[in-house]
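What follows is one structure encoded as structure tokens, with my remarks underneath.
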Amino acid sequence: MAHRLRATHPLEDWKHALAALTWSIDGLVVKPEELVSAVDLRIDPAGPGSAVVEHALGSALPAKPNTWNSTREGQIVWLGPDEWLVTSKVFQPHELEGSLARLAAAHGGAAVDVSAQRTAIRVSGGQARELLSFGCSLDLRPAAFPKGSSAQTSIGQAGVLILALGVGDDFRLFVRPSFAGYLADWLLDAAEELRTTK
Numbered sequence: 001m002a003h004r005l006r007a008t009h010p011l012e013d014w015k016h017a018l019a020a021l022t023w024s025i026d027g028l029v030v031k032p033e034e035l036v037s038a039v040d041l042r043i044d045p046a047g048p049g050s051a052v053v054e055h056a057l058g059s060a061l062p063a064k065p066n067t068w069n070s071t072r073e074g075q076i077v078w079l080g081p082d083e084w085l086v087t088s089k090v091f092q093p094h095e096l097e098g099s100l101a102r103l104a105a106a107h108g109g110a111a112v113d114v115s116a117q118r119t120a121i122r123v124s125g126g127q128a129r130e131l132l133s134f135g136c137s138l139d140l141r142p143a144a145f146p147k148g149s150s151a152q153t154s155i156g157q158a159g160v161l162i163l164a165l166g167v168g169d170d171f172r173l174f175v176r177p178s179f180a181g182y183l184a185d186w187l188l189d190a191a192e193e194l195r196t197t198k
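Using UniProt numbering, read the sequence shown as starting at 1 and increasing by one per residue.
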């Protein structure tokens with residue numbers, strides 16, 4: 001008899017350490033987020049297919065580089081002129097991929113399940129931006145990186161997709177699962193600087 005497969009979080013072994021960090025440093029919350037379904041969507045933004053997809057998602061595909069929009073169940077993140085990352089907390093990966101693939105294929109586009117490609121870490125609080133600045137070259141101040149911004153960059157030696165969820169103090173970091181442990185360790189180590197400068 002076959003056993004059912006159960007998804008495990010890439011940061012399962014770091015959850016306690018990150019929770020302890022959150023309790024020990026005022027103004028900082030670092031936590032792994034629940035796994036979400038994710039699809040890489042390719043479609044001509046000027047063609048009729050984009051309107052069909054937008055109607056299905058209940059939100060516009062971001063046209064401005066390095067931005068994201070909310071949907072009913074997740075987010076749409078701009079990755080390129082005709083490429084977006086679509087996430088959902090509600091639909092299973094095969095459901096999200098299937099529905100978007102049918103719509104996109106009818107208009108010369110494509111949608112591919114990339115749910116296993118990234119995991120997310122939430123970094124928030126009054127000291128979030130300072131913590132990230134220790135290893136990120138982007139200007140994360142609200143004037144330069146306001147809510148709704150996104151960017152593909154590096155934190156430490158890990159490539160991340162960073163989203164500004166709030167005004168200067170709430171960020172989501174999408175990272176490859178193989179680098180998630182490294183990034184968690186980096187955040188734990190860098191946070192010691194905040195502990196000593198309180």
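Glycine included, C-beta positions come from ideal geometry on N, C-alpha and C.
Between the CA atoms of residue j and residue i - distance to the nearest angstrom
i: D82; j: P65; result: 10 Å
i: G181; j: A111; result: 28 Å
i: H107; j: H16; result: 46 Å
i: V90; j: A158; result: 28 Å
i: R129; j: H3; result: 43 Å
i: R42; j: V77; result: 12 Å
i: L61; j: V160; result: 21 Å
i: A7; j: G168; result: 32 Å
i: F179; j: P45; result: 32 Å
i: L165; j: K147; result: 5 Å
i: V123; j: L173; result: 8 Å
i: L187; j: P93; result: 29 Å
i: A105; j: P177; result: 29 Å
i: L11; j: L21; result: 15 Å
i: W84; j: S70; result: 13 Å
Supposed close pair residue i, residue j - CB separation, criterion 8 Å
i: T67; j: Q75; result: Not a contact, Cβ separation roughly 11 Å.
i: T119; j: V39; result: The pair is not a contact, with the Cβ atoms about 16 Å apart (cut-off 8 Å).
i: P32; j: H9; result: 6 Å
i: I162; j: A144; result: Contact doesn't hold; Cβ gap of about 13 Å is too wide.
i: residue 227; j: L132; result: The chain is shown only over 1 to 198; residue 227 falls outside these bounds and no answer can be derived.
i: G109; j: G49; result: 5 Å
i: A184; j: L18; result: 6 Å
Where residue i falls: helix, strand or coil (DSSP)
i: P32; result: strand
i: R6; result: coil
i: S154; result: strand
i: D26; result: coil
i: L187; result: helix
i: K198; result: Caution applies to K198, whose pLDDT of 42 falls short of 50 and renders its modelled position unreliable; the model cannot decide the point.
i: S59; result: coil
i: A19; result: helix
i: G47; result: coil
Opposing strand residues paired with residue i [DSSP bridges]
i: D40; result: L85, V112
i: V160; result: T153, V175
i: D170; result: S124
Whole runs of the alpha helix (DSSP H) within the segment 63–147, excluding any shorter than 4 residues: 93–105, 128–133
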